[in-house]
Amino acid sequence: MRVKDKVAIVTGGAGAIGGEISKLLAREGARIVIADVNNEASSRMLAELKRLGAEAVAVDADVIKIAEAERLVRAALEQFGQVDILVNVAGGSTGPSIKTKMDLFARSEKTRGEEIVRLNLLAPINCARAVINHMMERRTGAIVSISSTAGVIGMMKGVEYSAAKAGIYGMTVTLAKEAAPYGIRVNCVSPGIVGTERVRKMAPDLIPQWEKGIKLGRLAKPEDIANAVLFLVSDEASYITGQNIIVDGGLCLGPEGY
Ligand SMILES: NC(=O)c1ccc[n+]([C@@H]2O[C@H](COP(=O)([O-])OP(=O)(O)OC[C@H]3O[C@@H](n4cnc5c(N)ncnc54)[C@H](O)[C@@H]3O)[C@@H](O)[C@H]2O)c1
């Protein structure tokens, strides 16, 4: 077991990618704290984690809010006494925290930037801030945040989202420098296009075209992302910090034949 007895907080842990990460960490021996605003989905995920034999709790926390990120970490400490791993997954360009619509920048609503940056950049910062002193005191910890290839090559109708996801890289490398003397590693994972139900419903006509542009010929599965996260939080990555692992099947490699 690669993360036996570690305690992992997974924000957005009831979602497609966060759920897969939670289940994989649980199978590898971790105790899981899922944090999500979707209580129904959280209850379902909690039941799945328990079926896998994991010790797990679900906390209803809106991690956009500093006080809720702090409450989340307090709840994890009360339940399990320690936090070894933080995986920042809550995010996206749609979903329960986002009221504005995805659109071309020239047409997008004025408040979209604030909304998207709060969820995709400030929420991971809030959670890292809430847990960092505890990790520093214990002189151990691993933080992984889910960014996106949108932060590297951009994404149509995603100016605000791409900017926020690129910001995750800045947070990652800087926190990696500050936390390294305390034995804490900080990394991020940038998925390409993940074939979740939401993505497949959002753009069914575009999927064949997207698949053609991906060197490995298919969208990512949530498991592909979970595998990278597991590696980064495990001892196998004990000499890796401040990195961005792109898990995109070659989406970022450029045009055919070049
Ligand atoms: N799906 C993709 O193609 C893709 C690609 C690249 C990156 N990502 C990133 O991966 C992450 C997960 O995406 P997903 O496809 O699993 O989406 P998802 O919508 O299935 O999961 C996101 C989860 O976060 C929760 N959430 C939303 N706002 C929250 C808040 N304020 N506090 C706590 N929880 C909150 C939602 O309830 C949901 O369960 C996101 O950060 C997204 O930007 C996704």
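In our numbering, the protein residues as written are 31 to 288. Heads up, the beta-carbon is just placed ideally off N, CA and C, and yes, glycines get one too.
- Counting only residues of its own chain and dropping the five nearest sequence neighbours on each side, PRO154 has a CB closer than 7 Å to the CB of ASN118, SER175, ILE198, MET201.
- The beta carbon of ILE214 lies closer than 6 Å to those of MET165, GLY171 in the same chain, with the five residues before and after it left out.
- Counting every other CB atom within 10 Å of its CB across the protein chains shown gives TYR269 a total below 16, marking it as exposed.
- Contact between ILE64 and SER52 holds: CB atoms are separated by about 6 Å, below the 8 Å threshold.
- Taking 8 Å as the cut-off, the C-beta of ILE244 does not count as close to any heavy atom of ligand 1.
- Here the C-alpha atom of ALA86 lies approximately 18 Å from the C-alpha atom of VAL259.
- Here ILE115 is bridged, per DSSP, to ALA38, ALA172.
- Rounded to the nearest whole angstrom, the C-alpha separation of ILE173 and LEU283 is 27 Å.
- ALA44 has its Cβ nearer than 8 Å to a heavy atom of ligand 1.
- ILE223 has its Cβ nearer than 8 Å to a heavy atom of ligand 1.
- Annotation for LEU76: ILE64, ALA86, VAL87, ALA88 place their beta carbon closer than 8 Å to its own, counting only its chain and skipping 5 residues before and after.
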